[in-house]
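**Student:**
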Amino acid sequence: MTAPPPSHKSFIGASSNGILHQRTYSQCQDSQAELLNAPGGISSIHRALQEANISTEVGIIVLDVLSLYSNTFKFQAVLFRGNAKLCGDLCYEILRCCNSRLSSTRKEACALLYLLMRSNFEYSRKTSFTRVHLQVIISVSQLIGDVVGISNSYFQESLVMVNNYAKSDKAMQKTNFPLEVKDLTKRIRTVLMATAQLKEHEKNPEMLVDLQYCLAKSYASTPELRKTWLESMAKAHLRTKDYSEAAHCYLHISALVSEYLRRRGTYPQGCAAFHMISPNIQTEESSIKDDSGMQDVHYTDSTLIENLEQAARIIEQAERYEVLGDIYKLIIPMYEVARDFERLSESYRKLFEAYNKIVEVMHSGKRLLGKYYRVAFYGQAHFDEENGKEYIYKEPKVTNLSEICDRLFNLYTYRYGKENVKLIMDSKKVNVDELDPKYAFIQVTYVTPYFTKEESKERLTEFERNNNIQRFMFETPFTKNGPAHGSITEQYKLRTILTTSHTFPYVKKRIEIIEHTEQELSPIEVAIDELHNKVIDLQEVVRAVTPDVKKLHLNLQGCVSTQVHAGPLAYAEAFLSKDKVNKYPVGKVAALKDVFK
4 MTAPPPSHKS FIGASSNGIL HQRTYSQCQD SQAELLNAPG GISSIHRALQ EANISTEVGI
64 IVLDVLSLYS NTFKFQAVLF RGNAKLCGDL CYEILRCCNS RLSSTRKEAC ALLYLLMRSN
124 FEYSRKTSFT RVHLQVIISV SQLIGDVVGI SNSYFQESLV MVNNYAKSDK AMQKTNFPLE
184 VKDLTKRIRT VLMATAQLKE HEKNPEMLVD LQYCLAKSYA STPELRKTWL ESMAKAHLRT
244 KDYSEAAHCY LHISALVSEY LRRRGTYPQG CAAFHMISPN IQTEESSIKD DSGMQDVHYT
304 DSTLIENLEQ AARIIEQAER YEVLGDIYKL IIPMYEVARD FERLSESYRK LFEAYNKIVE
364 VMHSGKRLLG KYYRVAFYGQ AHFDEENGKE YIYKEPKVTN LSEICDRLFN LYTYRYGKEN
424 VKLIMDSKKV NVDELDPKYA FIQVTYVTPY FTKEESKERL TEFERNNNIQ RFMFETPFTK
484 NGPAHGSITE QYKLRTILTT SHTFPYVKKR IEIIEHTEQE LSPIEVAIDE LHNKVIDLQE
544 VVRAVTPDVK KLHLNLQGCV STQVHAGPLA YAEAFLSKDK VNKYPVGKVA ALKDVFK
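In terms of the numbering used here, the sequence shown is residues 4 to 600.
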């Protein structure tokens, strides 16, 4: 039988003491029944004791009072107009109670939530309850993102209860209110389904962030919800010390806020102001739509500054000091307009320190901005939608190949079992038909950022060669007669260039590969390429403000080709000697001679 909907009348007519006495007596009886009937069920006994606990009763009375207050006094404007924070905080706490182990607490919370929806609906002249709808979805997302945890069974029970209230409320039957309540509970269930996936992949940081990213993307037209999931992603990155990615989450939030302010006419640049920081930002944050989600948002310049400053703090932890200049170019004009000279002084002090650190790391050469790896997954039975997909993974500092291989192997053996996971350690093309379908195969290849000659001339510093990068390459040596390695005049290379969907750094530390191109380098082209790379390495050491003698010594002794012990003299003899030079294209010979100069 459907429970009658709550109303303010149900909370009037009994004093607080009467309610307390009646409910405590009833709960004590329930507790005794549970104690007698529980066959050693410790959790049910514990819950029964909690039900009769005085602090639980106080919590229930608070919910009663809030319900009574929301229906008796005309204070709706405080909750349903202007800043949504108070309404949001209230929804968050009510939903926490809807997730309680105690049935009595859940019942009271459901009643209050229903009355809040109904109040909002009546306040809007029976058109909708947009504010409560949005704040409830945001609160559910926060509960998930904050790892507070949501019990599916308890929460689903609460959703059914709220739906039943709407169905049995005779005063609302001729309105669209019951349908709106049903729509809200359906949306909450969708978020809960995503939660199940999040829990499934909680040990896999890349998959976890990917799922959060999908949720953030699905709310592109609802700023507050997108912001909530971007904040959840930032928290996940901070837990794993992926500071660059966490900072970019806050930069995207800042751009989202700036675009909202542009639509409201208070920040003309909008998210276009962020194009110097990352091309990803404008592409993603300019797509917000003016729907009901926008109407309930109340961002200000202070909101923008707060998120920009948070991004700046984390960028500093990521040691990407060069980005601070662009961030403060957005912050400082707002402080100037506000005549906030104290904050201006602080901003310029931070910039002074940042530029000093840039000079310091350029002198020492000790800043490490990460390594990149191509990771491919094969095995439909295990990877499902991930099967056949390839990603570029950004790994911290100087993570070597064996470290990332061990990490991924342990990650996926935890999920699929050690006997079912195999690593492919070479960079050759994988023939899927030759793979045993019962195994999960992971191919890991070290890659480096790829730049054209024109780009190389513009990207002069180590930071520039590791910022806003989208193309990567790896090379596979081969010979025409079979073996991977041969003599200098037989040695070819296949250069594979990979393009990702977004540039690094991004809000995720792995980005899907969307394009492959291949270049075959002839033996003389291999010689030109190897010598050119060695010249660049030597120039970096020699031109350093404080030359590293040890590094210079290693570079001079290092191998300069895929053929061990082949040096400049060997290349000269193979391609430039009088009896051999005519065998090769004039342009290639000239290019090789230029490298020697």
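By construction, the Cβ of each residue, glycine as well, lies at the ideal position given by its N, Cα and C atoms. Computed from a predicted structure; not experimentally measured.
With a threshold of 7 Å on Cβ separation, who are the neighbours of A593 within its own chain once the five nearest residues in sequence on each side are excluded?
**Tutor:** Sequence index remark: in the sequence shown, residue 593 carries index 590 (1-based). Cβ within range, chain order: n/a, list empty.
**Student:** Once DSSP output is grouped into helix, strand and coil, what is the label at I503?
**Tutor:** Translated into positions along the sequence shown, residue 503 becomes position 500. Here residue 503 is Thr; the residue named in the question, Ile, does not match the sequence. In the structure shown, T503 sits in a strand (DSSP, three-state: E or B).
**Student:** Select from Y381, Q313, S430 the residue whose C-alpha is nearest the C-alpha of A250.
**Tutor:** On the sequence shown, position 247 is the one that residue 250 refers to. When only C-alpha atoms are compared, the closest one is Q313.
**Student:** Could you check which residue in Y449, I531, E518 has the C-alpha nearest to that of V378?
**Tutor:** Here the question's residue 378 lines up with position 375 in the sequence shown. Checked all of Y449, I531, E518; the closest Cα to V378 is Y449.
**Student:** Do L307 and V260 come within 8 Å of each other at the CB atom, strictly closer than that value?
**Tutor:** If you number the sequence shown from 1, residue 260 lands on position 257. If you number the sequence shown from 1, residue 307 lands on position 304. Against a cut-off of 8 Å, the Cβ pair of L307 and V260 comes out as a contact.
**Student:** Which residues mark the beginning and the end of the beta strand (DSSP E) in which R377 is found?
**Tutor:** In the sequence shown, residue 377 corresponds to position 374, counting from 1. Per DSSP, R377 belongs to the beta strand (DSSP E) from 374-381.
**Student:** Compute the distance between the beta-carbons of L195 and N167, then report whether it is under 8 Å.
**Tutor:** As a working mapping, residue 195 is identified with position 192 in the sequence shown. As a working mapping, residue 167 is identified with position 164 in the sequence shown. Against a cut-off of 8 Å, the Cβ pair of N167 and L195 comes out as no contact.
**Student:** Do R513 and I395 come within 8 Å of each other at the CB atom, strictly closer than that value?
**Tutor:** Position 392 of the sequence shown, counted from the first residue, corresponds to residue 395. Position 510 of the sequence shown, counted from the first residue, corresponds to residue 513. A contact, by the Cβ cut-off of 8 Å.
**Student:** Rounded to the nearest angstrom, what separates Q79 and R316 at their Cα positions?
**Tutor:** The residue labelled residue 79 in the question sits at position 76 within the sequence shown. The residue labelled residue 316 in the question sits at position 313 within the sequence shown. The alpha-carbon atoms of Q79 and R316 are separated by roughly 39 Å.
**Student:** Is it true that the CB of Y331 sits closer than 8 Å to the CB of S350?
**Tutor:** Position 347 of the sequence shown, counted from the first residue, corresponds to residue 350. Position 328 of the sequence shown, counted from the first residue, corresponds to residue 331. It is a contact, given that the beta carbons lie within the stated cut-off.
**Student:** Name the two residues that bound the continuous beta strand (DSSP E) containing R513.
**Tutor:** Looking up residue 513 in the sequence shown gives position 510. Unbroken beta strand (DSSP E) run through R513: 513-524.
**Student:** Does the stretch 358-374 come into contact with the stretch 463-483, if we say contact requires no fewer than three beta-carbon pairs (one atom in each stretch) closer than 8 Å?
**Tutor:** Result yes; three or more Cβ-Cβ pairs closer than 8 Å.
**Student:** So H385 packs on N434, CB below 8 Å; how close in whole Å?
**Tutor:** As a working note, residue 385 is residue 382 in the sequence shown. As a working note, residue 434 is residue 431 in the sequence shown. Their Cβ separation, rounded to whole angstroms, is 18 Å, which puts H385 and N434 out of contact at 8 Å.
**Student:** Looking only at its own chain, which residues have a Cβ that is under 7 Å from the Cβ of N86, when we skip the five neighbours before and after it?
**Tutor:** If you number the sequence shown from 1, residue 86 lands on position 83. Closer than 7 Å at the Cβ level, and outside the excluded window around N86, lie H301.
**Student:** W232 and A219 look like a contact to me (Cβ under 8 Å); what is the Cβ gap, rounded to whole Å?
**Tutor:** In the sequence shown, the residue the question calls residue 232 occupies position 229. In the sequence shown, the residue the question calls residue 219 occupies position 216. Their Cβ separation, rounded to whole angstroms, is 4 Å, which keeps W232 and A219 in contact under 8 Å.
**Student:** Would you mind reading off the limits of the beta strand (DSSP E) that contains E393?
**Tutor:** Locating residue 393 in the sequence shown gives position 390, where the first residue counts as 1. Run containing E393: 393-398, per the beta strand (DSSP E) assignment.
**Student:** On a Cα-Cα basis, can you pick out the residue from L497, I516, K511, E493 that is closest to S504?
**Tutor:** Residue mapping note: residue 504 aligns to position 501 of the sequence shown, counting from 1. Measuring from the Cα of S504, the nearest candidate turns out to be I516.
**Student:** Which value, in whole angstroms, describes the spacing of the CA atoms of I491 and Y574?
**Tutor:** Looking up residue 491 in the sequence shown gives position 488. Looking up residue 574 in the sequence shown gives position 571. Distance between the alpha carbons of I491 and Y574 is about 7 Å.
**Student:** Identify, in the order they occur along the chain, each residue of the same chain with its Cβ nearer than 8 Å to the Cβ of K244, setting aside the five sequence neighbours on each side.
**Tutor:** Locating residue 244 in the sequence shown gives position 241, counting from the first residue. Within the same chain, K244 has close Cβ partners P399.
**Student:** In this structure, how does DSSP classify V538 when only helix, strand and coil are distinguished?
**Tutor:** As a first step, residue 538 is located in the sequence shown; it is residue number 535 there, counting from the start. Looking at V538 - three-state DSSP - the assignment turns out to be helix.
**Student:** Does the stretch 205-218 come close enough to the stretch 114-129 that 3 or more CB-CB pairs lie under 8 Å?
**Tutor:** With a cut-off of 8 Å, the stretch 205-218 and the stretch 114-129 do not count as touching, because too few Cβ pairs lie within range.
**Student:** Leaving aside the five residues before and after V150 along the sequence, list all residues of the same chain whose C-beta is less than 6 Å from its C-beta, in chain order.
**Tutor:** Here residue 150 is taken as the residue at index 147 of the sequence shown, counted from 1. With a pLDDT of 48 at V150, under the threshold of 50, the modelled position of this residue cannot be trusted, and the question is left open.
**Student:** Assign S215 to buried or exposed, taking buried as 16 or more other Cβ atoms, counted over all protein chains shown, within 10 Å of its Cβ.
**Tutor:** Locating residue 215 in the sequence shown gives position 212, where the first residue counts as 1. Rather than Ser, the amino acid found at residue 215 in this sequence is Gln. Answer is buried; the Cβ neighbour count reaches 16.
**Student:** What residues match up with T479 in a beta bridge as DSSP calls it?
**Tutor:** Position 476 of the sequence shown, counted from the first residue, corresponds to residue 479. DSSP lists L497 as partners of T479.
**Student:** State the DSSP-derived secondary structure class of F386, mapped to helix, strand or coil.
**Tutor:** Position 383 of the sequence shown, counting from 1, holds the residue named residue 386. Three-state result, F386: helix.
**Student:** I want to know whether the stretch 470-489 touches the stretch 403-414 - three or more CB-CB distances under 8 Å.
**Tutor:** Contact fails: fewer than three Cβ-Cβ distances are below 8 Å.
**Student:** Thinking just about the alpha-carbon of each residue, which of I500, G368, L414 is nearest to the one in S430?
**Tutor:** Residue mapping note: residue 430 aligns to position 427 of the sequence shown, counting from 1. With distances taken between Cα atoms, S430 lies closest to I500.
**Student:** Could you check if A276 is buried or exposed, using at least 16 other CB atoms within 10 Å of its CB as the buried criterion?
**Tutor:** Mapped onto the sequence shown, residue 276 falls at position 273. Buried is the call here.
**Student:** Going by C-alpha to C-alpha distance, which of T133, L98, A321 sits closest to V165?
**Tutor:** Residue numbering aside, residue 165 sits at position 162 when the sequence shown is read from its first letter. Looking at the Cα atoms, L98 is the closest of the given residues.
**Student:** DSSP three-state label for L595, please.
**Tutor:** Position 592 of the sequence shown, counted from the start, is the residue given in the question as residue 595. In this structure, L595 counts as helix in the three-state DSSP scheme.
**Student:** Alpha carbon to alpha carbon, how far is R266 from A174? Give it in angstroms, no decimals.
**Tutor:** Here residue 174 corresponds to residue number 171 of the sequence shown, with the count starting at 1. Here residue 266 corresponds to residue number 263 of the sequence shown, with the count starting at 1. Spanning the two alpha carbons is a distance of roughly 39 Å.
**Student:** Tell me the DSSP bridge mates of K425?
**Tutor:** Along the sequence shown, one-based indexing puts residue 425 at 422. DSSP, once it has assigned bridges, lists F444 as partnering K425.
**Student:** Judging by CA-CA distance, which residue of H255, D343, L93, H204 is the nearest neighbour of E287?
**Tutor:** Locating residue 287 in the sequence shown gives position 284, counting from the first residue. The option with the nearest alpha carbon to E287 is H255.
**Student:** To the nearest angstrom, report how far apart C100 and F158 are at their CA atoms.
**Tutor:** For the purposes of this step, residue 100 is taken as residue 97 along the sequence shown, with counting starting at 1. For the purposes of this step, residue 158 is taken as residue 155 along the sequence shown, with counting starting at 1. Roughly 9 Å separates the two Cα atoms.
**Student:** Using the rule of at least 16 other Cβ atoms within 10 Å of the residue's Cβ for burial, across every protein chain shown, is F83 buried or exposed?
**Tutor:** In the sequence shown, the residue the question calls residue 83 occupies position 80. It counts as buried.
**Student:** Report the three-state DSSP secondary structure of P508 (helix, strand or coil).
**Tutor:** Here residue 508 refers to the residue found at position 505 of the sequence shown. Note: P508 maps to coil in three-state DSSP.
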